[in-house]
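In terms of the numbering used here, the sequence shown opens at residue 89 and continues consecutively.
All residues carry an ideal CB built from backbone N, CA and C; glycine is no exception.
Single-structure report; data block below.
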Amino acid sequence: MVEGDSAQRRSSRGARSAVIVAILAVAIAGVLYAKGRGSALQNARASASAADTSEKTEATDSATASAVPTPVTPAPATAPLPRLVDLGADKCVPCKMMAPILEELKKEYAGKLEVQFIDVWKNPDAGKAYQLEVIPTQIFFDAAGKERFRHEGFLAKEDILAKWKELGVDLGAAAPSEPAFSRWEPVKPDDRSKDKICYLCDKDVDPRTRAIMKTPAGDVNFCSPHCYLITYASLTDDKKSHDNASVTNWASDTLLPASSAIYLYGVNADGYPLIKAFSDENSAKTEQQASGGNLLTWAKLEEKEMANRCGFCDRPVYPEDASIVRVEGMQTWGCCVMCALGVAARTGKDIEVEAKDALTGEKIRVTTSGGHVAELEPKTAVAWAGAKKDAEGKTASTGCFKQAFFVNDVNLKKWVDEHPSATGQQVTMEKALASKMSLTPQQISKACKIGECVPK
Numbered sequence: 089m090v091e092g093d094s095a096q097r098r099s100s101r102g103a104r105s106a107v108i109v110a111i112l113a114v115a116i117a118g119v120l121y122a123k124g125r126g127s128a129l130q131n132a133r134a135s136a137s138a139a140d141t142s143e144k145t146e147a148t149d150s151a152t153a154s155a156v157p158t159p160v161t162p163a164p165a166t167a168p169l170p171r172l173v174d175l176g177a178d179k180c181v182p183c184k185m186m187a188p189i190l191e192e193l194k195k196e197y198a199g200k201l202e203v204q205f206i207d208v209w210k211n212p213d214a215g216k217a218y219q220l221e222v223i224p225t226q227i228f229f230d231a232a233g234k235e236r237f238r239h240e241g242f243l244a245k246e247d248i249l250a251k252w253k254e255l256g257v258d259l260g261a262a263a264p265s266e267p268a269f270s271r272w273e274p275v276k277p278d279d280r281s282k283d284k285i286c287y288l289c290d291k292d293v294d295p296r297t298r299a300i301m302k303t304p305a306g307d308v309n310f311c312s313p314h315c316y317l318i319t320y321a322s323l324t325d326d327k328k329s330h331d332n333a334s335v336t337n338w339a340s341d342t343l344l345p346a347s348s349a350i351y352l353y354g355v356n357a358d359g360y361p362l363i364k365a366f367s368d369e370n371s372a373k374t375e376q377q378a379s380g381g382n383l384l385t386w387a388k389l390e391e392k393e394m395a396n397r398c399g400f401c402d403r404p405v406y407p408e409d410a411s412i413v414r415v416e417g418m419q420t421w422g423c424c425v426m427c428a429l430g431v432a433a434r435t436g437k438d439i440e441v442e443a444k445d446a447l448t449g450e451k452i453r454v455t456t457s458g459g460h461v462a463e464l465e466p467k468t469a470v471a472w473a474g475a476k477k478d479a480e481g482k483t484a485s486t487g488c489f490k491q492a493f494f495v496n497d498v499n500l501k502k503w504v505d506e507h508p509s510a511t512g513q514q515v516t517m518e519k520a521l522a523s524k525m526s527l528t529p530q531q532i533s534k535a536c537k538i539g540e541c542v543p544k
């Protein structure tokens with residue numbers, strides 16, 4: 089029994105071992121199959137990826153090949169440019185004066201000159217890198233990056249261009265810019281008769297306040313004794329006299345010798361001086377009781393009218409319609425906006441001009457420094473330079489009363505539209521100032537004198 093049981097147990101263990109071996113064989117075969125199938129899938133994916141990559145590579149190579157320039161069409165190369173570095177700060181007055189110049193250079197010489205501004209107050213390390221001592225400072229670098237010149241302080245645009253030329257750097261011509269607005273032919277001729285136009289200010293002549301100056305060329309009409317006296321002050325003839333001047337009797341519309349009339353000096357509804365002439369004191373007093381004012385002789389009237397003078401051309405002005413000019417704490421006047429800027433040229437000092445928009449009356453402030461515009465409020469403000477062209481194309485001013493400032497070019501064009509006989513051109517404040525700063529002392533002495541401009 090023992091031997092038989094032992095044999096049975098051995099037989100059972102052998103059968104179980106055979107089953108286990110068989111199961112293991114099947115499992116191993118399954119693993120090998122799965123592994124082989126996975127490898128096949130991976131190989132297939134790899135082949136597909138390789139094929140896709142190959143196609144993309146071929147496409148890229150094809151595109152690259154088509155983009156490769158041939159000897160006939162060489163690839164454009166960006167050559168290094170000369171460089172102007174301006175080191176300053178946005179709060180420094182001379183630095184702010186440089187800002188519009190840098191912008192103009194960027195636009196006009198794009199592709200020819202690199203222009204860079206560095207605010208050293210915001211980036212102090214930048215100033216140290218350039219060994220900066222004063223702001224603003226302009227540093228000129230050639231195309232190789234070598235410093236060729238440096239300048240401390242404000243530097244005008246024309247001086248910058250002249251320095252590049254001196255350094256042998258040819259920047260070529262500036263890119264053409266849009267021409268400023270101009271009109272050299274009146275849209276509509278002034279059809280008013282000559283005796284109805286004030287020779288000086290171009291306003292309509294009120295028959296009751298008319299003043300007349302007799303000349304060899306005929307009578308010259310003025311809207312008031314004020315405009316006559318301005319013109320008289322502009323005459324350079326040593327023999328000039330009031331004997332040729334007449335004024336209109338307010339009471340009878342007849343002419344009187346200017347020097348013998350009695351004047352009632354008052355103001356109109358706008359606060360502007362109103363001068364009425366009378367043949368006798370009684371007539372003047374009768375009008376005085378009705379309208380107020382002060383009685384003046386011709387001598388007193390002339391003294392009063394001559395009291396306030398333009399700081400540039402020395403013409404008499406009414407503060408009510410003049411521009412304010414401040415010079416080192418002192419105040420003077422500009423009989424027109426251009427003459428106001430001219431005070432900087434006559435005095436050689438920095439000035440501040442306060443003027444009004446000729447269309448809206450809005451305030452415009454111009455501050456100069458070293459003969460250039462340092463600050464402009466508002467920054468969009470522009471000027472109208474009233475002028476005429478002769479047969480040869482030369483221009484001449486049309487007189488002080490034809491010059492104007494505006495807060496922007498839109499207002500300027502509206503004003504020109506409202507004055508169909510006006511001729512001239514739009515200019516920047518810097519250009520308007522530059523035209524005055526370029527005058528010689530001799531030219532300044534002749535400013536606004538009769539014959540130096542072309543009034544109507």
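query: DSSP state of W503, grouped into three classes?
result: helix
message = If we require 3 or more residues per run, which beta strand (DSSP E) segments fall completely within the segment 389-476?
response = 411-415, 418-422, 439-444, 451-457, 460-465
Can you tell which of F205, W209, H314 has its C-alpha closest to the C-alpha of E408?
H314
Quiz item: Are the beta-carbon atoms of F269 and M185 separated by less than 7 Å?
Solution: no
ask   = According to the neighbour-count rule (16 or more other Cβ atoms, all chains shown, within 10 Å of its Cβ), is E417 buried or exposed?
value = The question names Glu, yet the displayed sequence has Gly at residue 417. Result: exposed.
* Thinking just about the alpha-carbon of each residue, which of R453, L527, V308, E391 is nearest to the one in C551? -> No answer is possible for residue 551: it lies beyond the span of the chain, which begins at 89 and ends at 544.
Check: Starting from Y353 and walking both ways along the beta strand (DSSP E), at which residues does that stretch end?
Finding: 350-355
| query | Can you tell me whether DSSP reads G215 as helix, strand or coil? | reply | helix
Cα-Cα separation, K253 to D213: 31 Å
Open item on the list: Does D445 pass the burial test, meaning 16 or more other C-beta atoms within 10 Å, or should it be called exposed?
Closed with: buried
**Item:** Close beta carbons around G380, own chain, < 6 Å, minus the five adjacent residues each side
**Value:** G354
_Coarse secondary structure for A365, derived from DSSP in three states_ = strand
Three-state secondary structure (DSSP) of I532:
helix
For P304, count neighbouring C-beta atoms within 10 Å of its own C-beta (all shown protein chains included) and say buried if the count is 16 or more, exposed if not. exposed
Discussion item. Which residue marks the beginning of the beta strand (DSSP E) containing I189, and which one marks its end?
Written reply: Counting along the chain, I189 falls outside any beta strand (DSSP E), though it belongs to the alpha helix (DSSP H) covering 181-196.
(Q) As an exercise, report each continuous alpha helix (DSSP H) stretch of at least 4 residues that is fully enclosed by the segment 210-298, in chain order. (A) 212-217, 245-254
message: On a Cα-Cα basis, can you pick out the residue from C427, I300, K437 that is closest to A473?
response: C427
CB-CB under 6 Å to V275, same chain, minus the five flanking residues each way: which ones, in chain order? P508
Quiz prompt | Contact check, E196 vs A250, beta carbons under 7 Å | solution = no
- Touch test, the segment 171-182 against the segment 452-463, Cβ-Cβ under 8 Å, three pairs minimum: yes
Should the segment 396-415 be called in touch with the segment 328-338, which here means at least 3 C-beta pairs below 8 Å?
-> no
**Asked** Would V222 be called buried (16 or more neighbouring beta carbons within 10 Å of its own) or exposed?
**Response** exposed
**Study point:** Nearest-angstrom Cβ-Cβ length linking L175 and V208, presumed shorter than 8 Å
**Key:** 5 Å
### Message
Tell me the DSSP secondary structure of V335 in three-state form.
### Response
strand
Thinking just about the alpha-carbon of each residue, which of E369, Q514, L323 is nearest to the one in K537? L323
Checklist entry - Among residues of its own chain, excluding the 5 on either side of A132, which ones have a beta-carbon nearer than 6 Å to its beta-carbon? => result The predicted model places A132 with a pLDDT of 37, which falls under 50 and marks its position as unreliable; any figure quoted below should be read in that light. If we look at A132 and ignore the five residues flanking it on each side, it has no Cβ neighbours.
Practice item. Note down the Cα distance separating S281 from R298, rounded to an integer number of angstroms. Key: 14 Å
Alpha-carbon to alpha-carbon, E450 and N499
11 Å
query: Between the C-alpha atoms of A167 and L201, what's the straight-line distance to the nearest angstrom?
result: 11 Å
- Assign G359 to one of two classes, buried (16 or more other C-beta atoms within 10 Å of its C-beta) or exposed (fewer than that). exposed
At the level of alpha carbons, what is the spacing between K194 and D497? 23 Å
Query raised in the report: Is N337 closer than 7 Å to S367 when the C-beta atoms are compared?
Result: yes
### Query
Just curious, the beta strand (DSSP E) that I318 is in, first and last residue?
I318 -> not in any beta strand (DSSP E); alpha helix (DSSP H) instead, spanning 313-322.
Notebook entry, point to check: Between which two residues does the beta strand (DSSP E) harbouring L175 extend?
Noted result: 171-176
How about K328: is its C-beta nearer than 7 Å to some C-beta of chain B?
-> Absent here is chain B; the protein component of the structure consists of one chain.
Go through its chain and collect everything with a Cβ distance to Q376's Cβ below 7 Å, but skip five positions before and after it. L352, L383
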